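Participant: Residue numbering for the sequence shown follows our numbering, beginning at 7 and increasing consecutively.
Note that the Cβ used here is the ideal one computed from N, Cα and C, for glycine as well.
As the structure is a computational prediction, the values presented were derived from the model and not from experiment.
Attaching a single structure in structure tokens format; questions to follow.
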Amino acid sequence: MPSVTELRKRIGELSSAIELCRVSNEEHQTQVLRGLEITRSDARRDLNAMCDPVARLPVEISSEIFVCCLPADTDYPRPNYHDAPMVIRNVCRLWSDVALATPVLWVALRFDFRVSLKRPSDPPSTNHLGVWLDRSGNHPLRLSLGGVMPYSMYAPIKAHAYQVQALELRLSSSAWEALGRESISFSALQKLTLYPRTTNNATLSHCIEILRRAPVLVECEFVYVYCRDGDLPISQPLIHTCLRHLRLGDGTDRSCSANILRHITLPALETLHISDLDIPSADFTSFLARSAPPLRSLYITAKHDDPEAYLRLVPSLTQLTVKCWGSYRLSILSSLATIRDSLLLPDLCDLTIQGRFPYDYYDTLLRVLQNGCRPLASLRIVLTYIEDNPPDHILAALRKFAETGVRIHVGTEDHNFI
Numbered sequence: 007m008p009s010v011t012e013l014r015k016r017i018g019e020l021s022s023a024i025e026l027c028r029v030s031n032e033e034h035q036t037q038v039l040r041g042l043e044i045t046r047s048d049a050r051r052d053l054n055a056m057c058d059p060v061a062r063l064p065v066e067i068s069s070e071i072f073v074c075c076l077p078a079d080t081d082y083p084r085p086n087y088h089d090a091p092m093v094i095r096n097v098c099r100l101w102s103d104v105a106l107a108t109p110v111l112w113v114a115l116r117f118d119f120r121v122s123l124k125r126p127s128d129p130p131s132t133n134h135l136g137v138w139l140d141r142s143g144n145h146p147l148r149l150s151l152g153g154v155m156p157y158s159m160y161a162p163i164k165a166h167a168y169q170v171q172a173l174e175l176r177l178s179s180s181a182w183e184a185l186g187r188e189s190i191s192f193s194a195l196q197k198l199t200l201y202p203r204t205t206n207n208a209t210l211s212h213c214i215e216i217l218r219r220a221p222v223l224v225e226c227e228f229v230y231v232y233c234r235d236g237d238l239p240i241s242q243p244l245i246h247t248c249l250r251h252l253r254l255g256d257g258t259d260r261s262c263s264a265n266i267l268r269h270i271t272l273p274a275l276e277t278l279h280i281s282d283l284d285i286p287s288a289d290f291t292s293f294l295a296r297s298a299p300p301l302r303s304l305y306i307t308a309k310h311d312d313p314e315a316y317l318r319l320v321p322s323l324t325q326l327t328v329k330c331w332g333s334y335r336l337s338i339l340s341s342l343a344t345i346r347d348s349l350l351l352p353d354l355c356d357l358t359i360q361g362r363f364p365y366d367y368y369d370t371l372l373r374v375l376q377n378g379c380r381p382l383a384s385l386r387i388v389l390t391y392i393e394d395n396p397p398d399h400i401l402a403a404l405r406k407f408a409e410t411g412v413r414i415h416v417g418t419e420d421h422n423f424i
């Protein structure tokens, strides 16, 4: 192996010879020139390999350095020729070899498929999905899929489905139907998020089916579930024994996602977030009764006058957040006061109520604070308008509770009257 000095001298000699060939107009020199340029290119590559600090590191250290170059602002980075890992492959042969020998560089993927897949400008995710997934070896995958997925893409996804631990889907209606036909199972899936590509893509049937094919799923978010007449006439709800965290809705009060609770039973559920509880109280009560979950945290947008019926079914509750309007606010407060007086929510320590709060509701709020076998640790009343401030005697009573150690916020997000 020549030394660095010898390689540099050799490159200089080759460069001089190349210049002489370029000056000459003789026809036979063209082939000689091409050979000299190839030889110089090889010599430069050898020199770069010897001078490159990465080349002198063990492969394991180089791999760790490359992993630190991955985009840190997302769990599902898009394939990009200007970002790791793809940019690493274009530096030199050594770096490319190290990148290809480092499976963890290829485990977080986001693919957005276009309607037309025959244009040369299409991103590498369209043409090289199978190759990319193969590079991940047997490592756990974080996969995000969106758009109109071509049929040819289902084979590599099915082949690697057993590796997927986190999955985000933003698919077209046709892609949902194709997923159903392919019977793809995600045996290791632990986190699932379903976003709508439009407002009518992911139906109840789609959501139930993917829950069925993910038996060890722990965390799930259905941003929007499209409901249509006659959809999913299930006589026996699906029982999922591993799901512990469920989020339904997109933060608005019109997401329709709560309808799925009519069709599932979740005996391990610990946290439940519902942006729009748009099903009858009897259906929600039935879900909690048959699931009997060890629920610790509940967020609901209340639209029922009888919340006591279902709150009595979750005695393990420690955190409760209720967003409500109109008479529902008084219903939820009265129910909480009665339940805490009956010692039926013994572990409740954090209570948040969002919405407008008329003066005559505050006396009931004081009952909630006074009742119970243990005091609340935190109380938040998030008012819609700053004009809804409580009367002076209520403020005085609340401040006394605050002096005992209860964290109390009564006001808008930006202003606390306490």
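Within 10 angstroms of the Cβ of Lys329, are there 16 or more other Cβ atoms? Answer buried if so, exposed if not.
Facilitator: buried
Participant: Go through its chain and collect everything with a Cβ distance to Arg95's Cβ below 8 Å, but skip five positions before and after it.
Facilitator: Trp101, Ser102, Ala105, Leu106
Participant: Please report the distance separating the alpha-carbon of Ile67 from that of Val73.
Facilitator: 10 Å
Participant: Can you check whether the CB of Leu244 is closer than 8 Å to the CB of Leu217?
Facilitator: Taking 8 Å as the Cβ cut-off, Leu217 and Leu244 qualify as a contacting pair.
Participant: Going straight from the alpha carbon of Glu188 to that of Leu198, what length do you get?
Facilitator: 19 Å
Participant: Provide the residue span of the alpha helix (DSSP H) that contains Lys309, from first to last.
Facilitator: No alpha helix (DSSP H) contains Lys309, which DSSP labels as neither H nor E.
Participant: What's the gap between the Cα of Glu419 and the Cα of Leu342?
Facilitator: 23 Å
Participant: How long is the line joining the alpha carbons of Arg176 and Leu351, rounded to whole angstroms?
Facilitator: When rounded, the distance between both Cα atoms is 39 Å.
Participant: What does the Cβ neighbour count give for Thr132, buried or exposed, with the cut at 16 atoms within 10 Å?
Facilitator: Residue confidence for Thr132 is low, a pLDDT of 49 falling below 50, so the modelled location carries little weight and cannot support an answer.
Participant: Please classify Ser122 as buried or exposed, where buried requires at least 16 other C-beta atoms within 10 Å of its C-beta.
Facilitator: Because the pLDDT at Ser122 is just 39, under 50, the model does not fix this residue reliably, and the point stays unresolved.
Participant: Which stretch, first to last residue, makes up the alpha helix (DSSP H) that contains Leu371?
Facilitator: 368-376
Participant: Using the rule of at least 16 other Cβ atoms within 10 Å of the residue's Cβ for burial, across every protein chain shown, is Pro126 buried or exposed?
Facilitator: Note that Pro126 scores a pLDDT of 41, beneath 50, so its modelled location is shaky and nothing firm can be said.
Participant: What residues in its chain sit with their C-beta under 7 Å from that of Val110, if we drop five residues either side in the sequence?
Facilitator: Cβ within range, chain order: Val73, His145.
Participant: Which of the three DSSP states, helix, strand or coil, is assigned to Ile4?
Facilitator: The structure shown does not extend to residue 4, since the chain is modelled only from 7 to 424, so the question has no answer here.
Participant: In whole angstroms, what separates the C-alpha of Pro156 from that of Ala220?
Facilitator: 23 Å
Participant: Considering Cα atoms alone, identify which of Arg62, Glu19, Ser69, Glu70 is closest to Thr45.
Facilitator: Of the candidates Arg62, Glu19, Ser69, Glu70, the one whose C-alpha sits nearest the C-alpha of Thr45 is Glu19.
Participant: Around the C-beta of Ala114, are 16 or more other C-beta atoms found within 10 angstroms, so that it is buried, or is it exposed?
Facilitator: Classification of Ala114: buried, given that the 10 Å Cβ count is 16 or more.
Participant: Smallest Cα separation from Ser281: which of Ile306, Pro273, Leu275?
Facilitator: The candidate whose alpha carbon is nearest that of Ser281 is Ile306.
Participant: Using beta-carbon positions only, say whether Gln171 and Leu195 come within less than 8 Å of one another.
Facilitator: Cβ atoms of Gln171 and Leu195: closer than 8 Å.
Participant: Of the residues Ser292, Ala167, Pro299, which one's Cα is nearest the Cα of Pro313?
Facilitator: Ser292
Participant: Output the boundary residues of the alpha helix (DSSP H) element that contains His212.
Facilitator: 210-218
Participant: Need the endpoints of the alpha helix (DSSP H) that Arg84 sits in, please.
Facilitator: No alpha helix (DSSP H) holds Arg84; DSSP gives it neither H nor E.
Participant: Rounding to the nearest angstrom, what Cα-Cα distance links Arg116 and Glu70 in this structure?
Facilitator: 22 Å
Participant: I need the straight-line Cα distance from His399 to Arg253, nearest angstrom please.
Facilitator: 39 Å
Participant: Let me make sure I understand the geometry here. Which of Ser287, Cys355, Phe363, Leu375 has the alpha-carbon closest to that of Thr432?
Facilitator: Since the first residue shown for the chain is 7 and the last is 424, residue 432 is missing from the structure and cannot be characterised.
Participant: If we call anything under 8 Å between Cβ atoms a contact, is Leu294 one with Val320?
Facilitator: yes
Participant: Do the CB positions of Leu249 and Cys226 come within less than 8 Å of each other?
Facilitator: yes
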